[in-house]
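S.K.: One structure is given below, represented as structure tokens, and several questions about it will come after.
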Amino acid sequence: MNNDRKVGDLVRMFLGLWVLAFVFWSCGESATGIPEDSEPPETEITPAAGMDLYGLITDDAGNPVSNVVVSDGYSCTLTDSDGVYQMKKNAAAQFVYYSTPEEFAVNTSGESGNMASFYSEIGTGKRFDFELKRLVSAESGFTLICVGDPQVTNMDEFNRFKTETMEDIKMQVGAESSPCYGLLMGDVVGDKPAFFSQMKILAGSSPMPVFTTIGNHDKVAGVDKNLPRTAEAFSKVFGPLNYSFNRGEVHFVCLDNIIFENASDYSGGFTDQQMEWLKKDLSYVPKSKMVIVYYHIPIRGASSIKNRAKLFEVVKGFAEVHLMCGHTHYSENYIHTSSDNIYEHVHAAACGSWWRSTINGDGTPNGYAVYRVNGNTISDWFYKPTRMTADFQIRLHKGDVAFGGQYGYYSFNQSENAIIANVWNADSNWKVEAYEDGVKVADLEPLSKSLKDAWSLGYHIGVLNRNPDNYSPACKHLYLYLPQNSNASIEIRATDGFGNVYKQDQIVSGFETAQAY
Numbered sequence: 003m004n005n006d007r008k009v010g011d012l013v014r015m016f017l018g019l020w021v022l023a024f025v026f027w028s029c030g031e032s033a034t035g036i037p038e039d040s041e042p043p044e045t046e047i048t049p050a051a052g053m054d055l056y057g058l059i060t061d062d063a064g065n066p067v068s069n070v071v072v073s074d075g076y077s078c079t080l081t082d083s084d085g086v087y088q089m090k091k092n093a094a095a096q097f098v099y100y101s102t103p104e105e106f107a108v109n110t111s112g113e114s115g116n117m118a119s120f121y122s123e124i125g126t127g128k129r130f131d132f133e134l135k136r137l138v139s140a141e142s143g144f145t146l147i148c149v150g151d152p153q154v155t156n157m158d159e160f161n162r163f164k165t166e167t168m169e170d171i172k173m174q175v176g177a178e179s180s181p182c183y184g185l186l187m188g189d190v191v192g193d194k195p196a197f198f199s200q201m202k203i204l205a206g207s208s209p210m211p212v213f214t215t216i217g218n219h220d221k222v223a224g225v226d227k228n229l230p231r232t233a234e235a236f237s238k239v240f241g242p243l244n245y246s247f248n249r250g251e252v253h254f255v256c257l258d259n260i261i262f263e264n265a266s267d268y269s270g271g272f273t274d275q276q277m278e279w280l281k282k283d284l285s286y287v288p289k290s291k292m293v294i295v296y297y298h299i300p301i302r303g304a305s306s307i308k309n310r311a312k313l314f315e316v317v318k319g320f321a322e323v324h325l326m327c328g329h330t331h332y333s334e335n336y337i338h339t340s341s342d343n344i345y346e347h348v349h350a351a352a353c354g355s356w357w358r359s360t361i362n363g364d365g366t367p368n369g370y371a372v373y374r375v376n377g378n379t380i381s382d383w384f385y386k387p388t389r390m391t392a393d394f395q396i397r398l399h400k401g402d403v404a405f406g407g408q409y410g411y412y413s414f415n416q417s418e419n420a421i422i423a424n425v426w427n428a429d430s431n432w433k434v435e436a437y438e439d440g441v442k443v444a445d446l447e448p449l450s451k452s453l454k455d456a457w458s459l460g461y462h463i464g465v466l467n468r469n470p471d472n473y474s475p476a477c478k479h480l481y482l483y484l485p486q487n488s489n490a491s492i493e494i495r496a497t498d499g500f501g502n503v504y505k506q507d508q509i510v511s512g513f514e515t516a517q518a519y
């Protein structure tokens, strides 16, 4: 009997423990009585009087992060020693966001791959907390990839951006030895906001974090065509229009510089409110840093650009200043000599001539730019044609040939045997030379700035019957060479400002390399 009683006691004890465990499990609690899926208690914040937008920024170990710039798009503030920020929200503010510090990784959106995620929509909320992931070591250098105007309008163009541009970018990022970051330079779509979400996922499909600015074709007209287009649809997908972040010794600033008067008429420029916000943002940035400002419409050469002078004044005094933009569907490197030699990089379009070919209106191949940043300077950069090697930087044509088809012909109108070199990434720091039978015979100078790329015009207008108004700007990177010996083997060499040498000896006459894939 005693043994039986002991066995029974053991069974009852076991059953009791099993029931107790079942109760805890069914209630979603661990053996400690704390729900397993619960979060740590929220740190209490008591904002100062009148402060109705606040929150906490911590690192991935739960430690507070101080001196992080936080903004609602109108004012800026810093987190304190406890990682707390607080401000009086502007009545028009839609987002609260932080400027990623250089010692932390860029947060990205899980659902949209590697698209940067650094903001929260305010709505009716007041408190918004953020968590940052601390880098193992500081980034002294990185690679920046700038992509101009995908401008997709249908699934065929979407798929071309996917298979041509994005696949090429993935290979380029994979070949880089330093961290990579991307800037999408606006006109993500061509007046087709239904593609915003798909484009966000696609643009975020490479290994690098990507930031986006807005273009004129990304703004949407309402029912009343007398009212300006709005950025509401864009912001719902991509977030704030004016923001900043830091990488290494570089401070990046994104600005919306599309000003619509109504549903169709627009200009480039910056509002007074944007300039005030920019002053506040840059007040936290040491002058020893390089500043990169990116937007959509170029501001070079146009006195009509609103607040251009104010922008130059605000960014004055930093180690280097570079301006990044797109919009034109041609390539131009412009140095603002009257404003501390600020360099404006006008990027050719990823879509080229609106996906009708593999080239832009000036003959620049569809592609993107690659910048290698070392400390607070750009140590190297080149234009990467999609589906071509990085050393393809020159195209040669005979100067007296007429290019075109049934809709017209176009020529460079040069003498017989003349050679035109299109060096699409060239600027005043480049040296372009002609060689005959391996011997240098001439230094070349850019042709008249009123000359256009006849080969591009001949294909897009003469063959495809495209609108001539889309090809009106002159090409500023054409060079003329008059051979001394018409029987010699001719080679054009171009050396960029960093000492990279590019060579070309093949003369293009047909349109095979311009046709869409």
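Quick note, the sequence shown lines up with residues 3 to 519 if you use the numbering used here.
Note that the Cβ used here is the ideal one computed from N, Cα and C, for glycine as well.
1) Within this structure, are the beta carbons of residue 163 and residue 371 separated by less than 8 Å?
2) When you compare each of 197, 191, 118 to residue 182 by their alpha carbons, which one comes out closest?
3) Taking the continuous beta strand (DSSP E) assigned at residue 186, which residues delimit it?
4) Mapping DSSP to helix, strand and coil, what is residue 174?
5) Alpha carbons only, please: which of 401, 92, 368, 250 is nearest the one belonging to residue 515?
6) If you drop the 5 nearest sequence neighbours on each side, which residues of the same chain put their C-beta closer than 6 Å to that of residue 501?
7) Specify, as a first and last residue, the run of the beta strand (DSSP E) that residue 88 falls within.
8) Does residue 517 come out as helix, strand or coil in the three-state DSSP assignment?
9) Quick check on the burial criterion: 16 or more other C-beta atoms within 10 angstroms. Buried or exposed for residue 519?
10) Grab the span of the beta strand (DSSP E) containing residue 134 for me, first residue to last.
11) Could you pull out every unbroken beta strand (DSSP E) segment of at least 3 residues lying fully inside the segment 353-410, listed in chain order?
12) What separation, rounded to the nearest whole angstrom, lies between the Cα atoms of residue 548 and residue 153?
13) Which term fits residue 430, buried or exposed, when burial requires 16 or more other beta carbons within 10 angstroms of its beta carbon?
14) Could you give the residue range of the beta strand (DSSP E) that holds residue 506?
15) By how many angstroms is the C-alpha of residue 485 removed from the C-alpha of residue 75?
16) From residue 283 to residue 70, what does the alpha carbon distance come to, in whole angstroms?
17) Within its chain, find whatever has a CB closer than 6 Å to the CB of residue 184; leave out the 5 residues flanking it on each side and keep chain order.
18) Is there a Cβ from chain D that is less than 8 Å from the Cβ of residue 370?
19) One question on the structure: do residue 87 and residue 72 come within less than 8 Å of each other, judged by their Cβ atoms?
20) Tell me, which residues are paired with residue 448 by DSSP?
21) Using a threshold of 8 Å, state whether the C-beta atoms of residue 373 and residue 383 are closer than that.
22) Which same chain residues end up closer than 6 Å to residue 193 when comparing Cβ atoms and leaving out the 5 residues on each side of it in sequence?
23) Can you give me the C-alpha to C-alpha distance between residue 85 and residue 176, rounded to a whole angstrom?
24) Determine the contact status of residue 107 and residue 135, defining contact as a CB-CB distance below 8 Å.
25) Which of the three DSSP states, helix, strand or coil, is assigned to residue 428?
26) Which residues in the same chain have their Cβ closer than 6 Å to the Cβ of residue 507, if we skip the five residues on either side of it in sequence?
27) Mind checking which residues open and close the beta strand (DSSP E) that includes residue 246?
28) Could you check which residue in 180, 267, 295, 438 has the C-alpha nearest to that of residue 222?
29) Helix or strand or just coil, what does DSSP make of residue 332?
30) Rounded to whole angstroms, what's the CA-CA distance from residue 536 to residue 355? Just pull it up for me.
31) Given this structure, state the Cα-to-Cα distance separating residue 473 from residue 461, to the nearest angstrom.
32) Using only the alpha-carbon positions, how far apart do residue 132 and residue 140 sit?
33) Could you tell me which of 230, 237, 144 sits nearest to residue 190, measuring between CA atoms?
34) Quick check: the segment 421-430 against the segment 330-346, are there 3 or more CB pairs under 8 Å?
35) State the CB to CB distance for the pair residue 187 and residue 326, rounded to an integer number of angstroms; the pair is presumed to be in contact (CB under 8 Å).
M.R.: Once the coordinates are examined:
1) In the sequence shown, counting from the first residue as 1, residue 163 sits at position 161. In the sequence shown, counting from the first residue as 1, residue 371 sits at position 369. Not closer than 8 Å, so no.
2) Here residue 182 is taken as the residue at index 180 of the sequence shown, counted from 1. Checking every option, the nearest Cα to that of residue 182 belongs to 118.
3) Along the sequence shown, one-based indexing puts residue 186 at 184. Counting along the chain, the beta strand (DSSP E) containing residue 186 begins and ends at 182-186.
4) In the sequence shown, counting from the first residue as 1, residue 174 sits at position 172. The answer is helix: DSSP assigns residue 174 an H, G or I state.
5) For the purposes of this step, residue 515 is taken as residue 513 along the sequence shown, with counting starting at 1. The shortest Cα separation from residue 515 among 401, 92, 368, 250 belongs to 368.
6) Numbered from its first residue, the sequence shown carries residue 501 at position 499. Once the five neighbours on either side are set aside, residue 501 has no close Cβ partner at all.
7) Residue 88 sits at position 86 when you count from the first residue of the sequence shown. Its beta strand (DSSP E) spans residues 86-89.
8) The residue you call residue 517 lines up with position 515 of the sequence shown. Strand, per DSSP.
9) Within the sequence shown, residue 519 is the residue found at index 517, counting from 1. When all chains shown are included, residue 519 counts as exposed.
10) Position 132 of the sequence shown, counted from the first residue, corresponds to residue 134. It spans 132-134 - the beta strand (DSSP E) in which residue 134 sits, taken as one unbroken run.
11) 369-376, 379-387, 397-400, 404-407
12) The question about residue 548 has no answer, for the chain in this structure spans 3 to 519.
13) Taking the first residue of the sequence shown as 1, we reach residue 430 at position 428. Label assigned to residue 430: exposed.
14) Within the sequence shown, the letter at position 504 stands for residue 506. Residues 503-506.
15) Translated into the one-based positions of the sequence shown, residue 75 becomes position 73. Translated into the one-based positions of the sequence shown, residue 485 becomes position 483. About 58 Å.
16) Along the sequence shown, read from residue 1 onward, the residue named residue 283 stands at position 281. Along the sequence shown, read from residue 1 onward, the residue named residue 70 stands at position 68. Cα to Cα, residue 283 sits roughly 11 Å from residue 70.
17) What you label residue 184 is simply residue 182 of the sequence shown in a count that begins at 1. Around residue 184: 147, 210, 212.
18) Among the chains in the structure shown there is no chain D, since it carries only a single protein chain.
19) The residue labelled residue 87 in the question sits at position 85 within the sequence shown. The residue labelled residue 72 in the question sits at position 70 within the sequence shown. Cβ distance < 8 Å, so residue 87 and residue 72 count as in contact.
20) One-based indexing of the sequence shown puts residue 448 at position 446. For residue 448, which the question treats as bridged, DSSP gives the partners 481.
21) Within the sequence shown, the letter at position 371 stands for residue 373. Within the sequence shown, the letter at position 381 stands for residue 383. Contact flag set, yes.
22) For the purposes of this step, residue 193 is taken as the residue at position 191 of the sequence shown. Excluding sequence neighbours, residue 193 sits near 219.
23) Numbered from its first residue, the sequence shown carries residue 85 at position 83. Numbered from its first residue, the sequence shown carries residue 176 at position 174. Between residue 85 and residue 176, the C-alpha separation is close to 36 Å.
24) For the purposes of this step, residue 107 is taken as residue 105 along the sequence shown, with counting starting at 1. For the purposes of this step, residue 135 is taken as residue 133 along the sequence shown, with counting starting at 1. A contact, by the Cβ cut-off of 8 Å.
25) Taking the first residue of the sequence shown as position 1, residue 428 is located at position 426. The answer is coil: DSSP assigns residue 428 none of H, G, I, E or B.
26) As a first step, residue 507 must be located in the sequence shown, where it is residue number 505. Here the set comprises 493.
27) Sequence index remark: in the sequence shown, residue 246 carries index 244 (1-based). Residues 245-249.
28) As a position in the sequence shown, residue 222 is number 220, starting the count at 1. It is 267 whose Cα lies nearest to the Cα of residue 222.
29) Position 330 of the sequence shown holds residue 332. If DSSP states are grouped into helix, strand and coil, residue 332 belongs with coil.
30) Any question about residue 536 goes unanswered here, given that the chain covers just 3 to 519.
31) In the sequence shown, residue 473 corresponds to position 471, counting from 1. In the sequence shown, residue 461 corresponds to position 459, counting from 1. Whole-angstrom Cα-Cα distance: 11 Å.
32) By 1-based counting over the sequence shown, the position of residue 132 is 130. By 1-based counting over the sequence shown, the position of residue 140 is 138. Each residue's Cα considered, the two are about 21 Å apart.
33) For the purposes of this step, residue 190 is identified with residue 188 of the sequence shown, where counting begins at 1. Residue 237 is the option with its Cα nearest to residue 190.
34) yes
35) Locating residue 187 in the sequence shown gives position 185, where the first residue counts as 1. Locating residue 326 in the sequence shown gives position 324, where the first residue counts as 1. The pair is a contact, with the Cβ atoms about 7 Å apart (cut-off 8 Å).
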